[in-house]
Structure formats: C-alpha cells, structure tokens
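Start counting the sequence shown at 1; every next residue gets the next number (the numbering used here). Glycine included, each C-beta is placed from N, C-alpha and C at the ideal position. In this text, all values refer to a predicted model and were calculated from it rather than measured experimentally. Here the structure is laid out as structure tokens; the discussion comes afterwards.
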Amino acid sequence: MAAAAIVLTLVNLCDDLYTTHLFRGVLEHDAARTMALRTHVHALITLQTTLNGTLILLWVVNVVLFCVWLYRSACNTRALGAQGLDYSPGWTVGYFFVPIANLVLGYQCMREVWKASHAPENWSQIKNPPLLLAWWVTYIAASATSRIASTMLKGVGTDMQALLIASNIEMVGMALSMLAAGMYIRIVWRISTVQRSHYLTPPMRMDEAALPDMQPG
C-alpha cells in the first residue's frame, strides 16, 4: 500500500508540475500555454480531485495497516525476550495519535521497537539507527510542508503569483512524502526481517555450545 501511495503521489506531482507550468505561462503572457490551460483545465481539475481522493483512501488504509504491524512488532519484542521496555504495545501505537506529544513519542516508540527487535537481550545498548531518525525528520517535514501549502491554497483567491508559490510548496511536500514513504518501507522490512530471523534461529543450548575440551590429555 505504501508503494502504491508513492506511485500515485508521483503522478500527482507530475500533474502539479504541468499545471504550474501552464499557470506560469499565463503570468508570462505565453499565448500557447494560456490556451493549453483553458483547454485542459477541467481535465486537470478532475485528475487532481481523483488523485487526492485515492491518496486519502490509501492513507487511511496505510494508517490501519501501520497500527496493526506496529502493535504486533511491539508484542514480538517481548516474545523475543526484551525486558525493561518503556512503552507497552498499546501505547506504542497510541502515542502516534496524541497531538504534540506524538512529535517526540512517536519516534521514541519506533526506536524502541527497532532496538528491541535487533537485540532483545541488550536492546538499550544499541545505537540509534540513522535511518529511523532520517525517516522521522522527513515525515515531520513533509507533514508540515503539506499543511502550509494547504493553508496557502485556501486563501490565494485569484492571485496567480500566490497560487504558484503555494503549488511549489505543495510539490516540495509531495517529494518529501515519497522519500519518507520509501524509508518507511525499508524500516518495516528491516524490523520484520530481523524479528523473523530471531524466531527461525532458536537459542543455542549449553550442550550444543562449542565448549573447550576438558578431558585430560
């Protein structure tokens, strides 16, 4: 689902680029681009509406799938033997829905799941993964940029220059969203893979360990 969102966002970005190109032509008094805008404006609006609606639907589905996956992953860390964890499986998911606090606690919960998945017995000694921090910063930046663009687009009216500025900010948000989604897919794959490997590799018993030869020579 996240991959599908990336593809649709890319299509949406291309549509915005083309529309912005036409709008800039109006400001530059380019007759060809002005005519193209008048000819295709309804098709562009229809495409934009369809893409936005589909992306919202995909976003809802992805949120549900993310919550289920994160809850199960947090439960798995305990099944793998991790102890002294700061966040319960329920709150690992729940903190993502607490305004303001989710900006920090969401990352901390994901970080704990990552660490406890990679090293259940000594998870607190694992270094913070750069990939996780990069994903979180990009995700926050994408969300903030999209909100700014949405607010600006609501108040542009007939100001073509303001519309172009808001559209450019919106496209930056789309690019950041695709980057964050790509890193998210990588994170989910890494955590799921390492948890699966722990399950498939049973702990070594003492009688199976490579002990030194204690027999007299």
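Scanning its chain for C-beta atoms nearer than 7 Å, with the 5 sequence neighbours on each side dropped, one finds around Ile126 the residues Lys115, His118, Ala119, in chain order. If you draw a 10 Å sphere on the C-beta of Ile45, you find fewer than 16 other C-beta atoms in it, and that means exposed. In this structure, DSSP gives Ser150 a helical state, which the three-state scheme calls helix. Look at Lys127 here: in three-state DSSP terms it is coil, with no helix or strand label. Put simply, of Tyr107, Ala166, Val60 the residue whose alpha carbon is nearest the alpha carbon of Ser146 is Ala166. Pairing Pro89 with His42, the inter-Cα distance amounts to about 48 Å. Bounds of the alpha helix (DSSP H) holding Gly173 are 160-200.
Here Leu153 has Leu163, Ala166, Ser167, Glu170 as same chain residues with Cβ atoms under 8 Å from its own Cβ, once five neighbours each way along the sequence are excluded. Distance between Leu10 and Arg72, taken at the CA atoms: about 30 Å. Straight-line measurement puts the Cα of Thr34 at about 30 Å from the Cα of Ser177.
Secondary structure of Pro89 (DSSP, three-state): helix. Nearest neighbour of Phe96 by Cα position, chosen from Phe66, Leu57, Val194, Leu27, turns out to be Phe66. Secondary structure remark: continuous beta strand (DSSP E) runs of at least 3 residues inside the segment 46-96: none found.
Judged by DSSP in its simplified three-state form, Asn102 adopts helix. Rounded to the nearest angstrom, the Cβ distance from Ala180 to Ala144 is 12 Å, too far for a contact under 8 Å.
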